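Novice: Protein sequence lines, in the order shown, are assigned to chains V and S. Everything in the first sequence is counted per this note's numbering, starting at 104 for the first residue and increasing by one. Everything in the second sequence is counted per this note's numbering, starting at 6 for the first residue and increasing by one. Cβ coordinates follow ideal geometry from the N, Cα and C atoms, glycine included. None of the values given here were measured: they were computed from a predicted structure.
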Amino acid sequence: MSEQDSGNIPMVQFLSPEGEFAVPSQWGEYGEYLKRLTEADYLKFYRDMARIRRFDNEATALQRQGQLGLWIPAIGQEGAQVGSGYGVGHNDHIFPSYREHGVAITHGIDLMSILKMLRGVNHGGWNPDATRFHLYAIVLGSQALHATGYAMGVKFDGNMGTGDPEVDQAVITYIGDGATAEGDVSEALLFAAVNNTPQVFFIQNNQWAISSPTSSQTTVPLYRRGDGFGVPGIRIDGNDVLASYAVTAKLMDDARAGRGPSLIEALTYRIGAHTTSDDPTKYRSNEETERWKARDPIMRLEKFLRNQGVGQAFFDDCAADGDKLAEEIRAKTFALANPPFENMFKYVYSEPHPLIEEQLAWLTEYEASFEDEAHPSTQLHNVINEEALADKSGEVAPVENSGSYYGGIAGASNGGGE
Amino acid sequence: MTNFQEMAIARAINAGLRNKLAENRKVLMFGEDVAQLGGVFRVTEGLHKEFGDAQVFNSPIAESGIIGTAIGLAMRGYRPVCEIQFDGFIFPGFDQITTQLAKMTNRSEGYHRMPVVIRVPYGGGIGAVEHHSESPEAYFAHTPGLRVVSPSNPNDAYWMIQQAIDSDDPVLFFEPKRRYWQKGPVNLDQPPLPLHSARVLHEGHNVTLATYGPMVTVALQAAQIAAEEGISIEVVDLRSISPIDFTTVVNSVKKTGRLVVASEAPNFVSVASEVAARVAEQAFYQLQAPVLRVGGFDIPYPAAKLEEVFLPDADRILEAVDRVLAY
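(1) If I follow the unbroken beta strand (DSSP E) through V:P335, where does it start and stop?
(2) Do we get a CB-CB distance below 7 Å when we pair V:P457 with the residues of chain S?
(3) Quick check on the burial criterion: 16 or more other C-beta atoms within 10 angstroms. Buried or exposed for V:A423?
(4) Within 10 angstroms of the Cβ of S:E135, are there 16 or more other Cβ atoms? Answer buried if so, exposed if not.
(5) Pull up the DSSP beta-bridge partners for S:P126, would you.
(6) In the stretch 273-294 of chain V, which residues sit with their C-beta less than 8 Å from some C-beta in chain S, listed in chain order?
(7) Which of the three DSSP states, helix, strand or coil, is assigned to S:K31?
(8) Just by C-beta distance, which residues in the stretch 441-453 of chain V are closer than 9 Å to chain S?
(9) Between S:Y127 and chain V, is the shortest Cβ-Cβ distance under 7 Å, so that the two count as touching?
(10) Taking only the alpha-carbon atoms, compute the straight-line gap between V:N309 and S:A215 and give it to the nearest angstrom.
(11) Mapping the DSSP letters down to three states, classify V:P77 as helix, strand or coil.
(12) Just the Cα atoms here: how many angstroms apart are S:L26 and S:V32?
(13) For V:T251, which residues in chain S fall below 9 Å Cβ to Cβ?
(14) According to DSSP, is V:T300 helix, strand or coil?
(15) Report yes or no: do three or more beta-carbon pairs, one from the stretch 9-24 of chain S and one from the stretch 187-203 of chain S, lie closer than 8 Å?
(16) In the DSSP output, what is S:T213 paired with across the bridge?
(17) Assuming V:M255 and S:L22 make a contact with CB atoms under 8 Å, what is their CB distance in whole Å?
(18) Against V:S200, what residues of chain S qualify as contacts under a CB-to-CB distance less than 7 Å, listed in chain order?
(19) Using a cut-off of 7 Å between C-beta atoms, extract the partners of S:Y144 located in chain V.
(20) Please report the Cβ distance between S:E50 and S:G43, rounded to the nearest whole angstrom; I am assuming they are in contact, meaning their Cβ atoms lie under 8 Å.
(21) Would you call the stretch 116-130 of chain S and the stretch 409-426 of chain V in contact, with 3 or more CB pairs under 8 Å?
(22) Can you confirm whether V:N230, when its beta carbon is compared against all beta carbons of chain S, has any partner nearer than 7 Å?
(23) Please identify the residue among V:W395, V:E430, V:S314 whose C-alpha is closest to the C-alpha of V:F158.
(24) Whole angstroms is fine: what's the gap from S:I236's alpha carbon to S:N211's?
(25) Quick test of your reading: V:Y277 and V:V206, contact by CB under 8 Å. State the CB separation rounded to the nearest angstrom.
(26) How is V:Y149 classed by DSSP in three states: helix, strand or coil?
(27) Kindly list, in the order they appear in chain V, the residues whose Cβ is closer than 9 Å to that of S:T110.
(28) Reducing DSSP to helix, strand and coil, say where S:N19 ends up.
(29) List the residues that DSSP assigns as beta-bridge partners of V:L354.
(30) With H, G and I counted as helix, E and B as strand and the rest as coil, what does DSSP make of V:V374?
(31) Quick check on DSSP: helix, strand or coil for V:A369?
(32) Please check the pair S:R152 and S:D174, which I expect to be a contact at CB under 8 Å, by giving their CB distance rounded to whole angstroms.
(33) Taking all protein chains shown into account, decide if V:D271 is buried (16 or more other Cβ within 10 angstroms of its Cβ) or exposed.
(34) Should S:Q333 be flagged as near chain V, meaning a C-beta pair shorter than 7 Å?
(35) Answer with buried or exposed for S:L1, where buried requires no fewer than 16 other C-beta atoms within 10 angstroms of its C-beta.
(36) Does V:H226 get closer than 7 Å to chain S when you measure Cβ to Cβ?
Set out below in structure tokens:
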């Protein structure tokens, strides 16, 4: 185990991997937040973690069957994501990276929006204002600055430190261990500190940035990354949904109250591949993965709930619920229509633009000229798609003869970012 | 009666900013040293005193941070105006401008409007050290989702900065820094044109000379010298670099049959190249001669003692005018 995972660093944990619950006195102020939870909340945490894992597995299958261009699994990180998501208040804003499916379900995002994006129907397309869950950011760390700017706006608007829970707001941004190496994250920490913004930086340290271990991104534990900027940090057991909930809730409360920005490092593990284009067997050992599987966030909450007397019927119901969700998204994904070509032009600018109008008019006429025959470029696409689908490994499909022109195939099946 | 006031370009931008800051408290002005100092060119002088930290403030020296937080503020409903201190300092913010700001409206299918203005003093001629004299406008004009403009005179500067702030799209506002103290009349009552319209500044019938920003003054000098020699040059000030008002340029070329495009930027893959290509597409039969470009050379901007050789002057423009007239 690396220094990152040495166990010598204090880490907030309420649920042990064996499902034993305890609030150590040093984490008492966070433990207080668990008193807000009812039994129904514990069950909800479990149900959402189980559902999102089932969703995740189904999405991987859909990618393998050619229904998605790419899938980005979050398996193993459900505790960090669902716990933290529920720690975010009803007025707060969330700036995710691209793996935060477990945060998305806690704020009512239609999961089909995420699948649509990864199928290539659009680049996001859910309403970030209404959901307060902003669009996925593919360029690593870019969203940390947007979150900080947004949090500056919250403060300028007077939505901080009034003590009125309907007025005060905070902002949370999710980044990975790899993204912490990006300059934008450092600049975001700096702007947050000098502006004393109401925000939390939530780092999911899942140990791997594609094939690069966290030790290649930092020599200092990531919970200390904000220190030099004036953003205090804390490490939590990211596979403990309760720790993730409580620490997020507390620090978001602090942020809303005007006590400044802070940082959470959630120690977790990406059980799956970086994306469906990745092959983790090339860079990490099975032993390592197995070791982390023993600390699985869903399993440990299940042990705890069973110890509390929750019966098999509940777990069966959650499994059935997950299967129903998987069936639903499968059917909906197969039914997704390709977007009309006008969509490419529609939102480039908010106001009219002569070049856009001219090119849309030209393309409309050009496309119409093929009305009575199959479009030659469509035919070519179909050939390529069939070839790509034939390769179920998810690796870039070699496309003979058209490979150089349609380099886009590689782009469609390759993952972006780390 | 129309209310005219004599102003330098820097003061005109300042006055335009003041109007918008006063009109809407959601308009913010920030960047490096823009508050108490008023920016290194004093374009924002007095604005901090008048509007306070709530609207005018200094940013850390981090261009990506300036643009990235402007995007977040725009999502929150603000209308940020960012100052990039010098042209050559914009590149640490390039990713946030081209990958985030330019694409945010498209990515969000219109949910996020991005009314962000990025003010950039640009161009050479001030005897500066490296990175203080560049003309990077083509990088941004090449990026879908951005608008790019450059005023050449105080009246345009006064109105175009206000129109840029009113725009719901991101606008790169390139300010011709060596003309900051050039004075001219500003019509305080009425904007001269929409933001993206070109204008014929000087009518002529032998050659069209299209240019923008700091080169407009040089082009007008060239037109005057040519007139003394009996050559009639029509000077078109593009004003907007993206989109370009090709109608005005093409109409002029249809009249004159000849086109020279001048700018300080290197010619290779430049705004001048785009104008040349478009005119070739739209006025092929009216052209009497090849389109010529007069630009900076395709080299890094030289040390100050060589910039007079580097920058196109009236003579370099007239040399090109002579060549197109030789056909």
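Specialist: Judging by the given coordinates:
(1) No beta strand (DSSP E) holds V:P335; DSSP gives it neither H nor E.
(2) With 7 Å as the cut-off, V:P457 counts as an interface residue toward chain S.
(3) The residue in question, V:A423, is exposed, as its Cβ has fewer than 16 Cβ neighbours within 10 Å.
(4) The residue is exposed, with fewer than 16 neighbouring Cβ atoms inside 10 Å.
(5) Note: S:P126 is bridge-paired with S:E180 in the DSSP secondary-structure output.
(6) The residues in question are G286, D287, E290, A291, L293, F294.
(7) In the structure shown, S:K31 sits in coil (DSSP, three-state: anything other than H, G, I, E or B).
(8) Hits within the stretch, in order: N446, M447, K449, Y450, V451, Y452, S453.
(9) Taking 7 Å as the threshold, the shortest C-beta distance from S:Y127 to chain V does not fall below it.
(10) If you take the alpha carbons of V:N309 and S:A215, they lie about 56 Å apart.
(11) Any answer about residue 77 of chain V is impossible in this case: the structure gives chain V only from 104 up to 521.
(12) The C-alpha of S:V32 is placed about 5 Å away from the C-alpha of S:L26.
(13) Neighbours of V:T251 on chain S, chain order: G70, G73, T74, G77.
(14) It is coil, neither helix nor strand.
(15) Of all C-beta pairs linking the stretch 9-24 of chain S to the stretch 187-203 of chain S, three or more are shorter than 8 Å, placing the two stretches in contact.
(16) Assignment of beta-bridge partners to S:T213 by DSSP yields S:E239, S:L264.
(17) The pair is not a contact, with the Cβ atoms about 20 Å apart (cut-off 8 Å).
(18) Under the 7 Å cutoff, chain S gives no residues; its nearest Cβ is about 14 Å from V:S200.
(19) Neighbours of S:Y144 on chain V: none; closest Cβ ~17 Å, over 7 Å.
(20) The beta-carbon distance between S:E50 and S:G43, rounded to whole angstroms, is 3 Å. This is short enough to meet the 8 Å contact definition.
(21) The stretch 116-130 of chain S makes no contact with the stretch 409-426 of chain V: fewer than 3 CB pairs, one atom from each, lie closer than 8 Å.
(22) Interface criterion met: the Cβ of V:N230 is under 7 Å from a Cβ in chain S.
(23) V:F158 has its Cα closest to that of V:E430, out of V:W395, V:E430, V:S314.
(24) The alpha-carbon atoms of S:I236 and S:N211 are separated by roughly 6 Å.
(25) V:Y277 to V:V206, Cβ: 7 Å. Contact.
(26) Correct three-state label for V:Y149: helix.
(27) Listed along the chain, the chain V residues whose CB falls inside 9 Å of the CB of S:T110 are Y450, V451, Y452, S453.
(28) In the three-state reduction of the DSSP assignment, S:N19 falls in the helix class.
(29) Answer is none; V:L354 lacks a bridge partner.
(30) For clarity, residue 374 of chain V is Ile in the given sequence; the question names Val instead. Coil at V:I374, not helix or strand.
(31) In this structure, V:A369 counts as strand in the three-state DSSP scheme.
(32) Taking a contact as a CB-CB distance under 8 Å, the pair S:R152 and S:D174 counts as one, their CB atoms being some 5 Å apart.
(33) It counts as buried.
(34) With chain S covering only 6 through 332, there is no way to say anything about residue 333 of chain S.
(35) Examination of residue 1 of chain S is not possible in this model, given that chain S is present from 6 through 332 alone.
(36) Using a Cβ-Cβ cut-off of 7 Å, V:H226 counts as an interface residue toward chain S, since at least one Cβ of chain S sits closer than that to its own.
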